[in-house]
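Asks: In our numbering, the protein residues as written are 1002 to 1186.
Ideal Cβ positions, reconstructed from N, Cα and C, are used throughout, including at glycine.
Treat the numbers as computed from the prediction; the structure is a model and nothing was measured.
#1: Restricting to Cα atoms, I'd like to know which of 1016, 1034, 1020 and 1014 is closest to residue 1188.
#2: Keeping to the same chain, check which residues put their C-beta closer than 6 angstroms to that of residue 1136; ignore five residues upstream and five downstream.
#3: For residue 1105, count neighbouring C-beta atoms within 10 Å of its own C-beta (all shown protein chains included) and say buried if the count is 16 or more, exposed if not.
#4: For residue 1050, is the classification buried or exposed, using 16 other Cβ atoms within 10 angstroms of its Cβ as the cut-off for buried?
#5: Helix, strand or coil for residue 1035 per DSSP?
#6: Measuring only the C-alpha atoms, how far is residue 1150 from residue 1060?
#7: Can you round the beta-carbon distance between residue 1058 and residue 1122 to whole angstroms, since I take them to be within the 8 angstroms contact cut?
#8: Following the continuous alpha helix (DSSP H) through residue 1091, name the residue where it begins and the one where it ends.
#9: From residue 1146 to residue 1087, what distance separates their C-alpha atoms?
#10: Quick check on the DSSP output: what are the complete alpha helix (DSSP H) runs of length 4 or more inside the region 1122–1183, in order along the chain?
#11: Comparing alpha-carbon positions, which option in 1148, 1083, 1025 and 1074 lies nearest residue 1102?
#12: What do you get for residue 1134, buried or exposed, if any count of 16 or more other CB atoms within 10 angstroms of its CB means buried?
#13: Could you name the residues of the same chain whose beta carbon sits closer than 7 angstroms to that of residue 1077, not counting the 5 residues immediately before and after it, in chain order?
#14: Have a look at 1089, 1157, 1002 and 1165 and flag the residue whose alpha-carbon is nearest the alpha-carbon of residue 951.
#15: Suppose you measure from the CA of residue 1023 to the CA of residue 1082; what does that come to, to the nearest Å?
#16: Within this structure, are the beta carbons of residue 1033 and residue 1129 separated by less than 9 angstroms?
#17: Whose C-alpha, out of 1011, 1100 and 1079, is nearest the C-alpha of residue 1055?
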């Protein structure tokens, strides 16, 4: 009887340590996911700051393209004012699509493509876009680990008890983003 009591105490202590470890693992992954999203947010802020300069540069050359330029600014403002991660992801996908139309306009104006200010802004945006892409990959990797832990047994018990819910992955939303690039010569 004494050994049964000691065995039961050992099992309970082990379960408590496991629960503490699982809970701390969730907290660590949640914090890593939030840090990853914040890092991505910093790069997107840089992108938002570059866009008005690009739009103003293009305006000087393409006065009759006002609709496209307004859409770029509108998409930027929507993405920048998003509150939830889901809204931020949707707004960023919309902004990416409108930026493509902005650069399509630039292709039609050889003088604009040769403008050093435009080239510099375009290069800065390219660097920021690379940083955003890398931060999206990191965010998705952390969220994958977090979401996996919320779903696998037995850690799913701790996730349910302490309300650790799945986080959204950063996915391409626009159908045109998923299509192959058409190259013509």
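Replies: According to the structure shown:
#1: The structure shown does not extend to residue 1188, since the chain is modelled only from 1002 to 1186, so the question has no answer here.
#2: Taking the first residue of the chain shown as position 1, residue 1136 is located at position 135. Once the five neighbours on either side are set aside, the close Cβ partners of residue 1136 are 1040, 1041 and 1044.
#3: By 1-based counting over the chain shown, the position of residue 1105 is 104. Per the 10 Å Cβ criterion, exposed.
#4: Position 49 of the chain shown, counting from 1, holds the residue named residue 1050. The residue is exposed, with fewer than 16 neighbouring Cβ atoms inside 10 Å.
#5: Here residue 1035 corresponds to residue number 34 of the chain shown, with the count starting at 1. DSSP places residue 1035 in helix when its eight states are reduced to three.
#6: In the chain shown, the residue the question calls residue 1150 occupies position 149. In the chain shown, the residue the question calls residue 1060 occupies position 59. Their Cα atoms are separated by approximately 49 angstroms.
#7: Against the chain shown, residue 1058 aligns to sequence position 57. Against the chain shown, residue 1122 aligns to sequence position 121. Right, their Cβ atoms sit about 6 angstroms apart.
#8: Counted from its first residue, the chain shown places residue 1091 at position 90. Start and end: 1086–1108.
#9: Translated into positions along the chain shown, residue 1146 becomes position 145. Translated into positions along the chain shown, residue 1087 becomes position 86. Distance from the CA of residue 1146 to the CA of residue 1087, rounded to the nearest whole angstrom, comes to 19 angstroms.
#10: If we require 4 residues or more, the alpha helix (DSSP H) runs fully inside the region 1122–1183 come out as 1156–1162 and 1176–1179.
#11: As a working mapping, residue 1102 is identified with position 101 in the chain shown. The residue from 1148, 1083, 1025 and 1074 with its alpha-carbon nearest to that of residue 1102 is 1074.
#12: The residue given as residue 1134 occupies position 133 in the chain shown. The C-beta of residue 1134 has fewer than 16 other C-beta atoms within 10 Å across all chains shown, which makes the residue exposed.
#13: The residue labelled residue 1077 in the question sits at position 76 within the chain shown. Hits under 7 angstroms: 1049, 1052 and 1096.
#14: Because residue 951 is not part of the residues shown, which for the chain are 1002 to 1186, the question remains open.
#15: Indexing the chain shown from 1 puts residue 1023 at position 22. Indexing the chain shown from 1 puts residue 1082 at position 81. Straight-line measurement puts the Cα of residue 1082 at about 35 angstroms from the Cα of residue 1023.
#16: Taking the chain shown and counting its residues from 1, one reaches residue 1033 at position 32. Taking the chain shown and counting its residues from 1, one reaches residue 1129 at position 128. 9 angstroms or more divides the Cβ of residue 1033 from the Cβ of residue 1129.
#17: Sequence index remark: in the chain shown, residue 1055 carries index 54 (1-based). Minimum Cα distance to residue 1055 is reached at 1100.
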